[in-house]
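In the numbering used here, the protein residues as written are 4 to 148.
What follows is one structure encoded as structure tokens, with my remarks underneath.
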């Protein structure tokens with residue numbers, strides 16, 4: 004006795020359902036890969052292996068250690084109008100007791116309030132990277148407005 008047509012139809016439906024589930028699982032797996040927008044070094048990992056993450060959640064910090072930048076977060080509202088992108092700056096690296104020249108790359112368009120003061124973040128590119136300069140070192144940025 005052969006398989007009944009009804010059994011064959013039911014089995015084909017189960018195969019189609021399993022195929023759809025496989026395609027959905029493959030699509031989900033394809034979306035689990037992280038791709039960096041540039042080549043760099045992971046300097047901080049904020050999740051562990053196997054942890055669940057949500058879309059848009061920061062899971063790591065990626066840095067291009069070949070072109071370090073300095074950031075100051077305390078440019079006052081009195082001075083921000085006198086600072087421009089492309090303006091030269093002096094950056095003092097405390098740990099190295101070294102001065103480096105640089106250029107204003109970016110000025111935040113939105114202010115922050117710190118201890119009642121209105122301040123802006125400024126990102127500076129460095130003209131050189133002296134030996135010993137490391138990600139996260141403290142610096143003083145001097146912008147002559």
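Heads up, the beta-carbon is just placed ideally off N, CA and C, and yes, glycines get one too.
Given the structure is predicted, the values throughout are model-derived calculations rather than measurements.
- Message: To the nearest angstrom, how far is the alpha carbon of residue 89 from that of residue 27?
- Response: 50 Å
- Which first and last residues belong to the beta strand (DSSP E) in which residue 104 is found? 101–110
- Query: In this structure, what does DSSP give as the bridge partners for residue 120?
  - Reply: 117
- Message: Please state whether the Cβ-Cβ distance between residue 110 and residue 78 is less than 9 Å.
- Response: yes
- Item | Candidates 39, 61, 36 and 104: closest to residue 48 by CA position | 61
- Message: I'd like the list of long-range same chain contacts for residue 189, defined as Cβ closer than 7 Å, with 5 residues on each side in sequence excluded.
- Response: No statement about residue 189 is possible, as the shown extent of the chain runs from 4 to 148 and does not include it.
- Task: Write down the C-beta distance between residue 128 and residue 108 rounded to the nearest angstrom, noting that I regard them as a contact closer than 8 Å.
- Result: 5 Å
- Item | Supposed close pair residue 142, residue 94 - CB separation, criterion 8 Å | 5 Å
- Provide the residue span of the beta strand (DSSP E) that contains residue 48, from first to last. 44–48
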